[in-house]
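Written below as structure tokens is the structure these notes are about.
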Amino acid sequence: MENKTGNVRAYSALILAGGQASRMGGVDKGWVRLGQTPLIRCSLVALSRQAEPPRQVLISANRHLDDYAALGVPVLPDVLPGSLGPLAGLHAAQLSPLLSTGEPLLVISVDTVRLPDNFASRLLDALAAGHNAVSASDSERWHPTLMMVRTGQAASLADYLLGGGRSIRGWLGGLRHATVAFGQPFPNLNTLDDVASLAAGQGGVAPD
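Using the UniProt record's numbering, you'd call the opening residue of the sequence shown number 1 and step up by one each time.
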């Protein structure tokens, strides 16, 4: 796809699916179903419908690796030992040879079942203003797991994680970072009840 100047803007996308989902009883969140559709498939669809879609999608996962790989998408387990949270998944992606030098990386959580079609475009615009990272907010809250970062952040992430840091907010606070505001709230699926409520509101089906 092209931006307003006619230039093709290449970027990759990373779906964070490697967490422990403790508020869902420890299930693998990517395979929780929204209606009849696993959340991981909903996330893939949301990315594919971007006005400027990613050139590739990567999945950060630490369980059911073969099941994720069967989706036809590269799967990246954490490199650092221990369960260090979503930043460990971002760290593994930053180390991956699949990313091109200087290429932006769009990051979403696996429960991101709906995105505005201009989501990536607006984050690309903001990143081009000279920031190292940009993240999304909506009318209700800041969503630091919905972000776009530049490549070359692996060392920063490793230092932060090995120093005991776990918070995405804390890591972003040490970068040249900006927030992009969106009007429509993003679904926040932290519990199985949240998923059931969203499915009920949509007639039991995944987002169109």
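Beta carbons: idealized from backbone N, C-alpha and C, even for Gly. Since the model is a prediction, treat every value here as computed from it, not as a measurement.
Simplified DSSP assignment, three categories, for residue i
i    : result
L172 : helix
R33  : strand
A178 : strand
A13  : strand
Q184 : coil
L192 : helix
T5   : Note on T5: pLDDT 46, under 50, position unreliable in the model; no value is reported.
G201 : helix
C-beta atoms of residue i and residue j nearer than 8 Å
i           : j    : result
T179        : L16  : no
P86         : I168 : yes
V192        : L198 : Reading off the sequence shown, one finds Leu at residue 192, where the question assumed Val. No; because the gap between Cβ atoms is not below 8 Å, this pair is not in contact.
V32         : L39  : yes
H131        : R176 : yes
L98         : Q153 : no
L105        : S12  : yes
A88         : L80  : yes
residue 217 : V107 : The structure shown does not extend to residue 217, since the chain is modelled only from 1 through 208, so no value can be given for it.
P185        : E140 : yes
A61         : G18  : yes
S43         : T151 : no
Distance, residue j Cα to residue i Cα
i    : j    : result
L149 : D194 : The question names Leu, but residue 149 in the sequence shown is Val. Cα to Cα, the separation comes out at about 28 Å.
D78  : H91  : 8 Å
G201 : L161 : 38 Å
P116 : Q50  : 8 Å
G30  : L65  : 11 Å
V134 : A120 : 11 Å
I59  : R9   : 21 Å
M147 : A181 : 12 Å
G174 : A126 : 17 Å
G165 : S96  : 22 Å
K4   : G72  : Interpretation of K4 is limited by its pLDDT of 49, a score under 50 that renders its predicted location unreliable; the figure taken from the coordinates is listed afterwards. Those two C-alpha atoms are separated by around 31 Å.
Q36  : W171 : 36 Å
D208 : A158 : Low local confidence applies: a pLDDT of 39 at D208 is under 50, so the model's placement there is unreliable, with the coordinate-based value given in what follows. Their backbone Cα atoms lie some 38 Å apart in a straight line.
L34  : Y68  : 17 Å
G26  : G82  : 16 Å
L84  : G163 : 11 Å
A196 : D28  : 16 Å
Counted within 10 angstroms of its Cβ, other Cβ atoms place residue i as buried (16 or more) or exposed
i    : result
E52  : buried
A129 : exposed
R114 : buried
A94  : The amino acid at residue 94 is misidentified as Ala; the sequence shows Gln. Buried.
A155 : exposed
TODO: Can you check the UniProt domain "MobA-like NTP transferase" (13-168) for any alpha helix (DSSP H) of at least 4 residues that lies completely inside it and give the ranges in chain order?
DONE: 39-48, 65-69, 86-95, 119-127, 154-162
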